[in-house]
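Asks:
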Amino acid sequence: MVSDLSAYAAQGYSVLAQQGSGPLGADFGKASPIGLLVLVLLAAAVLYLGWAFHRRFSRMNRRRMFAEKHGIDPFDEQALDAAMEQAGVLDHKKKHWL
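See below:
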């Protein structure tokens with residue numbers, strides 16, 4: 266019984282170890298220019314998202330620090346905007362891409 270199992274196992278290993286005939290030819294392994302375009306677009310999207318997050322986070326952090334320094338509730342947007350406008354530090358220029 267055990268010898269039969271080892272014979273089947275050896276046969277299974279030999280089948281798994283055989284080299285299959287893979288795709289061969291002159292064009293095998295060459296990437297399409299579309300693949301490069303996709304990678305460049307993905308990299309550009311990641312860089313844009315990082316840039317946009319950094320701008321938004323920096324703006325939020327500036328507003329929070331101003332609110333804490335002047336004793337204003339950071340979630341009261343109207344009071345915070347009015348105080349920042351009066352102090353002359355409100356950022357009116359918002360850059361939007363898309």
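The sequence shown runs 266 to 363 under the working numbering. Heads up, the beta-carbon is just placed ideally off N, CA and C, and yes, glycines get one too. Since we're looking at a predicted model, the values are computed, not measured.
Return the chain-ordered list of same chain residues with a C-beta closer than 8 Å to the C-beta of Arg328, the five sequence neighbours on each side being excluded.
Replies: Excluding positions up to five away in sequence, the list reads Pro339, Leu345, Met349.
Asks: Regarding Gln351 and the ligand SAH, is the C-beta to nearest heavy atom distance less than 7 Å?
Replies: Because no ligand of any kind appears in the structure shown, any question about the ligand SAH cannot be addressed here.
Asks: Leaving out five residues before and five after Ala332 in sequence, what residues of the same chain have Cβ atoms less than 6 Å from its Cβ?
Replies: Contacts found: Pro339, Leu345.
Asks: Tell me the rounded alpha-carbon separation between Ser297 and Arg320.
Replies: Cα to Cα, Ser297 sits roughly 36 Å from Arg320.
Asks: Helix, strand or coil: how does DSSP classify Ile337 here?
Replies: Coil at Ile337, not helix or strand.
Asks: Going straight from the alpha carbon of Ala291 to that of Leu302, what length do you get?
Replies: Each residue's alpha carbon lies about 23 Å from the other.
Asks: Express the C-alpha separation of Tyr313 and Glu342 in angstroms, rounding to a whole number.
Replies: Their Cα atoms are separated by approximately 27 Å.
Asks: Can a CB atom of chain D be found closer than 8 Å to the CB of Asp341?
Replies: The structure shown contains no chain D, having only a single protein chain.
Asks: Would DSSP call Ala348 helix, strand or coil?
Replies: If DSSP states are grouped into helix, strand and coil, Ala348 belongs with the helices.
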